[in-house]
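Residue numbers (this note's numbering): -5 to 209.
C-beta atoms are modelled at their ideal positions from N, C-alpha and C, and glycine is treated no differently.
In structure tokens, the structure reads:
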């Protein structure tokens, strides 16, 4: 009978050895390691939480605005508020459940979004113009209806921009800076640092021959 045997462990090194900036510079950015995979997962979940929080703020703001302006249409503002609260809860749960266990949680599904802020910003501008221009034309009449509707117009535009930035710019920001931010998270989270210290000295990759580091 054949039993699965993991790849042999590389000589154990302390965590600070793998976290050193010199080690990171010596290893090409594409070199795989367990720490780099954790950092990628960390960035993806932070991006998800950030996007959920930003869009939640957009929906909650829209719900409050709708409740103020359209008291006779409760279904609209109730739906917006409920959606905002649900997304805010998702953001909180991701931060509370995923990030503290980042050394063990599986990565999220394959991300097809931009991985750099510049790409996300370009996409946000393109889609913002394409979808925002009709919105501006549809609501531009509010500007001539007095201070209240004019304020509502600018509030809707601000919420629209917030939604675009949260969806297309926030996730790539966390993805682009995942390794830097994960390093800081390790430094500021004693429990995680202690866990990674133990892993770095006894690392065996059960699926391939990745080393534990560098980051």
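Sort the options by Cα distance to residue i and report the nearest one.
{"i": "residue 33", "options": "73, 16 and 175", "result": "175"}
{"i": "residue 151", "options": "128, 139 and 168", "result": "128"}
{"i": "residue 115", "options": "21, 157, 101 and 58", "result": "157"}
{"i": "residue 133", "options": "93, 154 and 107", "result": "154"}
{"i": "residue 91", "options": "16, 178, 182 and 40", "result": "40"}
Within the same chain, show all residues whose beta-carbon is closer than 6 Å to that of residue i, passing over the 5 residues directly before and after it, in chain order.
{"i": "residue 42", "result": "88"}
{"i": "residue 228", "result": "Residue 228 cannot be examined here, being either before or after the span of the chain that is shown, -5 to 209."}
{"i": "residue -1", "result": "Confidence is the limiting factor: at residue -1 the pLDDT is only 36, short of 50, which leaves the residue's position unreliable, though a coordinate-based value still follows. So no residue of the chain qualifies."}
{"i": "residue 160", "result": "45, 48 and 49"}
CB-CB under 7 Å to residue i, same chain, minus the five flanking residues each way: which ones, in chain order?
{"i": "residue 81", "result": "46, 49, 50 and 53"}
{"i": "residue 142", "result": "none"}
{"i": "residue 70", "result": "60 and 64"}
{"i": "residue 77", "result": "53"}
{"i": "residue -4", "result": "Confidence in residue -4 is poor, its pLDDT being 33 and thus under 50, which makes the residue's placement too unreliable to answer from."}
{"i": "residue 12", "result": "29, 194, 206, 207, 208 and 209"}
So, residue i versus residue j, is the Cβ gap smaller than 7 Å?
{"i": "residue 137", "j": "residue 147", "result": "yes"}
{"i": "residue 85", "j": "residue 74", "result": "no"}
{"i": "residue 191", "j": "residue 9", "result": "yes"}
{"i": "residue 167", "j": "residue 99", "result": "no"}
{"i": "residue 170", "j": "residue 102", "result": "no"}
{"i": "residue 186", "j": "residue 6", "result": "no"}
{"i": "residue 165", "j": "residue 107", "result": "yes"}
{"i": "residue 189", "j": "residue 97", "result": "yes"}
{"i": "residue 172", "j": "residue 36", "result": "yes"}
Among residues of its own chain, excluding the 5 on either side of residue i, which ones have a beta-carbon nearer than 8 Å to its beta-carbon?
{"i": "residue 4", "result": "Confidence in residue 4 is poor, its pLDDT being 48 and thus under 50, which makes the residue's placement unreliable; the coordinate value appears in the next sentence. Excluding residues within five positions, the ones whose Cβ falls inside 8 Å are 197, 205 and 206."}
{"i": "residue 124", "result": "none"}
{"i": "residue 14", "result": "208"}
{"i": "residue 183", "result": "94"}
| said: As an exercise, report each continuous beta strand (DSSP E) stretch of at least 3 residues that is fully enclosed by the stretch 60 to 104, in chain order. | reply: none
| said: Which runs of the alpha helix (DSSP H) at least 4 residues long sit entirely within the stretch 110 to 135? Give them in chain order. | reply: 111 to 133
| task | Any chance you could list the alpha helix (DSSP H) runs of at least 4 consecutive residues sitting entirely within the stretch 15 to 57, in chain order? | result | 15 to 20
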